[in-house]
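Residue numbers (this note's numbering): 28 to 143.
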């Protein structure tokens, strides 16, 4: 039996969660103040995901802030960063433009700032 302690980040209450695991499966979740906390604990324990934020250089050496349009599995972040680091984008770039399409399954990398 293994116990994981998490702090829920779904809302400002920040519940202290305790996830009891047995044979790789969730046996019990303690401390969740709502259903969203339970869902967060399940996702964070089984397959943690993150929204990736970084920058990409333009062909004229300016930096464009970008992010993934959906969270991606935490264990894929470095793989996706390798793809991002090989790219330069050509201005103009507008907020929401897809800079890299389907870097992992259906996750795209999009611009979060206008560059003229």
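Beta carbons: idealized from backbone N, C-alpha and C, even for Gly. Note that the coordinates shown come from a computational prediction; the quantities given were computed from them, not determined experimentally.
Per DSSP, what kind of secondary structure is residue i in: helix, strand or coil?
{"i": "residue 93", "result": "strand"}
{"i": "residue 72", "result": "helix"}
{"i": "residue 108", "result": "helix"}
{"i": "residue 66", "result": "helix"}
{"i": "residue 103", "result": "helix"}
Can you tell me whether residue i is buried or exposed? The criterion is at least 16 other CB atoms within 10 Å of its CB, across all chains shown.
{"i": "residue 73", "result": "exposed"}
{"i": "residue 64", "result": "buried"}
{"i": "residue 12", "result": "As shown, the chain starts at 28 and ends at 143. That puts residue 12 outside it, with no answer to give."}
{"i": "residue 122", "result": "exposed"}
{"i": "residue 116", "result": "buried"}
{"i": "residue 35", "result": "buried"}
{"i": "residue 93", "result": "buried"}
Kindly indicate which residue of the options has the alpha-carbon position closest to the one of residue i.
{"i": "residue 59", "options": "38, 52 and 76", "result": "38"}
{"i": "residue 91", "options": "35, 33 and 143", "result": "143"}
{"i": "residue 103", "options": "134, 45 and 140", "result": "134"}
{"i": "residue 88", "options": "119, 68 and 137", "result": "119"}
Can you tell me where the beta strand (DSSP E) with residue i in it begins and where it stops?
{"i": "residue 31", "result": "29-34"}
Using a threshold of 8 Å, is the CB atom of residue i nearer than that to any non-hydrogen atom of the ligand SAH?
{"i": "residue 70", "result": "Inclusion of the ligand SAH in the displayed structure is not the case, the ligand content being empty and no account of it being possible."}
Does the stretch 68-85 come close enough to the stretch 101-121 that 3 or more CB-CB pairs lie under 8 Å?
As far as the Cβ criterion goes, the stretch 101-121 touches the stretch 68-85, which means the pair count is three or higher.
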